[in-house]
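Structure first, commentary second.
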Amino acid sequence: DAGVTQSPTHLIKTRGQQVTLRCSPKSGHDTVSWYQQALGQGPQFIFQYYEEEERQRGNFPDRFSGHQFPNYSSELNVNALLLGDSALYLCASSIGASGYNEQFFGPGTRLTVL
Amino acid sequence: AQKVTQAQTEISVVEKEDVTLDCVYETRDTTYYLFWYKQPPSGELVFLIRRNSFDEQNEISGRYSWNFQKSTSSFNFTITASQVVDSAVYFCALSEDHGSGNTGKLIFGQGTTLQVKP
Chain Y
526 DAGVTQSPTH LIKTRGQQVT LRCSPKSGHD TVSWYQQALG QGPQFIFQYY
576 EEEERQRGNF PDRFSGHQFP NYSSELNVNA LLLGDSALYL CASSIGASGY
626 NEQFFGPGTR LTVL
Chain B
228 AQKVTQAQTE ISVVEKEDVT LDCVYETRDT TYYLFWYKQP PSGELVFLIR
278 RNSFDEQNEI SGRYSWNFQK STSSFNFTIT ASQVVDSAVY FCALSEDHGS
328 GNTGKLIFGQ GTTLQVKP
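Chain order of the listed sequences is Y and B. One rule links them: number in the numbering used here = place in the first sequence (from 1) + 525. One rule links them: number in the numbering used here = place in the second sequence (from 1) + 227.
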């Protein structure tokens with residue numbers, strides 16, 4: 526049973542560029558959440574997708590956008606990259622969008638902005 | 228406002244010592260959930276435990292135990308007879324339940340880096 530997968534593993538971009546990160550949820554899961562983890566910090570919630578809709582958003586600018594596909598996979602897009610966007614981006618999946626549900630995390634995508 | 232505080236940034240112990248990781252949370256909700264996750268160097272967060280706000284029973288799983296006290300808003304994690312493989316960053320997290328509008332957003336603490344030396 527495959528867990529949560531993310532691609533790519535690492536990515537290097539320059540300021541002003543755009544990036545797309547991808548996530549495939551664990552089998553049977555229908556909800557995907559995205560988190561940003563800066564070095565030495567705890568993960569920060571970006572947004573969550575359920576039934577192909579953004580259900581809640583954290584304190585992130587509109588440069589961060591996402592999408593969920595009918596097969597429940599998801600993309601995170603970041604436009605006009607800033608140096609401060611350098612971080613580990615984690616995807617988590619769960620069954621349903623309840624606060625009770627255990628979220629399973631992927632290995633993350635390490636984004637470096639130069 | 229919701230907040231999770233892990234005051235211990237780094238802890239270093241020698242193998243076989245017991246170690247307790249502290250977690251203090253803030254929330255105005257009466258229904259909420261508390262979690263502990265482990266993050267090894269590979270980066271993937273590994274779920275350890277979930278507790279809901281109505282269940283204050285302590286829990287033990289092998290060498291791991293958790294102490295939940297609503298009176299002090301704390302959810303501490305103890306590793307007994309630590310091992311080198313326990314070395315990792317440990318995160319405490321909070322999720323609130325807003326009924327139909329709930330989305331399962333996790334609010335994480337800053338994490339505690341545990342180093343277990345042989």
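Note that beta-carbon positions come from the ideal geometry of N, C-alpha and C, so glycine has one too. Note that the structure is a prediction, hence the values are computed from the model and not measured.
- Here the region 230-237 of chain B lies against the region 245-260 of chain B, with 3 or more beta-carbon pairs under 8 Å apart.
- Per DSSP, the continuous beta strand (DSSP E) segment holding Asn303(B) begins and ends at Ser301 to Ile306.
- Counting C-beta atoms within 10 angstroms of its own C-beta, Ala563(Y) has fewer than 16 neighbours from the protein chains shown and is therefore classed as exposed.
- According to the DSSP assignment, Ser288(B) belongs to the beta strand (DSSP E) that extends over Glu286 to Ser288.
- Annotation: Tyr560(Y) to Arg635(Y) spans about 12 Å, alpha carbon to alpha carbon.
- Under DSSP, Ala234(B) shares a beta bridge with no residue.
- By the rule that beta-carbons nearer than 8 Å mark a contact, Lys265(B) does not touch chain Y.
- Following the DSSP letters along the chain, one finds Gly591(Y) inside the beta strand (DSSP E) bounded by residues Phe589 to Gln593.
- Residue-level contact check: Asn626(Y) touches chain B, since one or more beta carbons of chain B fall below 8 Å from its beta carbon.
- Just measuring C-alpha positions, the residue of Trp263(B), Pro267(B) and Gln310(B) sitting nearest Asn294(B) is Trp263(B).
- A direct Cα-to-Cα measurement between Pro268(B) and Tyr625(Y) gives close to 27 Å.
- Residue contact with chain Y for Lys332(B): present (Cβ-Cβ distance below 8 Å to some residue of chain Y).
- The CB of Phe585(Y) never comes closer than 9 Å to any CB in chain B; the least such distance is about 12 Å.
- In the structure shown, Val246(B) falls within a strand segment according to DSSP collapsed to helix, strand and coil.
- Nearest to Leu272(B) by alpha-carbon distance, out of Phe630(Y), Val638(Y) and Phe589(Y), is Phe630(Y).
- Pairing Leu341(B) with Asp313(B) gives a Cβ-Cβ distance under 8 Å.
- At a beta-carbon threshold of 9 Å, the residues of chain Y lying near Gln337(B) are Gly565, Gln566 and Gly567, ordered along the chain.
- Assignment of Val312(B) by DSSP, reduced to helix, strand and coil, places it in the helix class.
- Those residues of the region 270-284 of chain B placed with their C-beta closer than 9 Å to a C-beta in chain Y are Gly270, Glu271, Leu272, Val273, Phe274, Arg277 and Asn279, ordered along the chain.
- Listed in chain order, the non-local C-beta contacts of Leu608(Y) below 7 Å within the same chain comprise Arg540 and Val638, local neighbours out to five positions each way being set aside.
- Between the region 569-576 of chain Y and the region 329-338 of chain B, the count of Cβ pairs shorter than 8 Å is three or higher; the stretches touch.
- Interface criterion met: the Cβ of Gly631(Y) is under 8 Å from a Cβ in chain B.
- By alpha-carbon distance to Ser239(B), the top candidate from Cys319(B), Ile287(B), Val311(B) and Gln337(B) is Val311(B).
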